[in-house]
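Asks: Numbering (full-length UniProt numbering), first residue to last: 1 to 123.
Positions of the beta carbon are idealized from the N, C-alpha and C atoms, including for glycine.
Note that the structure is a prediction, hence the values are computed from the model and not measured.
To start, I am sharing the structure in question, which I have written as structure tokens.
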């Protein structure tokens, strides 16, 4: 199966993230995949403030599927932008909310997150 490059992954994200589609499209036109991920991280923070944990879990599972099918660059950006942002999400969440989010994290995200948290790895 063909790996997802940043453009194809971004197109899937435009389709999945309906609420911020108007923010993602211009970033995709400029081939700014990191900007797209930052918009998604900001959206997840907003959902956390609203207490919409189910939607956060659904979006994280979707990003896990993108990660699994992504090429090296897509994985690198997800690890360095999205997975690092989980630390901030953990800080702002209650223990119950974070426990729910953690249960829905793909295993590969959990292991990368644990490594980054343990060693404060800067890639």
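Answer with buried or exposed for residue 105, where buried requires no fewer than 16 other C-beta atoms within 10 angstroms of its C-beta.
Replies: buried
Asks: Would residue 40 and residue 101 qualify as a contact pair, given that the criterion is a beta-carbon distance under 8 angstroms?
Replies: no
Asks: Whole angstroms is fine: what's the gap from residue 83's alpha carbon to residue 72's?
Replies: In a straight line, the C-alpha of residue 83 is about 15 angstroms away from that of residue 72.
Asks: Can you tell me whether residue 70 is helix, strand or coil according to DSSP?
Replies: strand
Asks: Evaluate contact between the region 106 to 115 and the region 48 to 66, counting only Cβ atoms and requiring at least three cross-stretch pairs below 8 angstroms.
Replies: In short, these stretches touch, since the Cβ pair count reaches three.
Asks: By Cβ distance, which residues of its chain are closer than 8 angstroms to residue 98, with the 5 residues on each side in sequence left out?
Replies: 89 and 90
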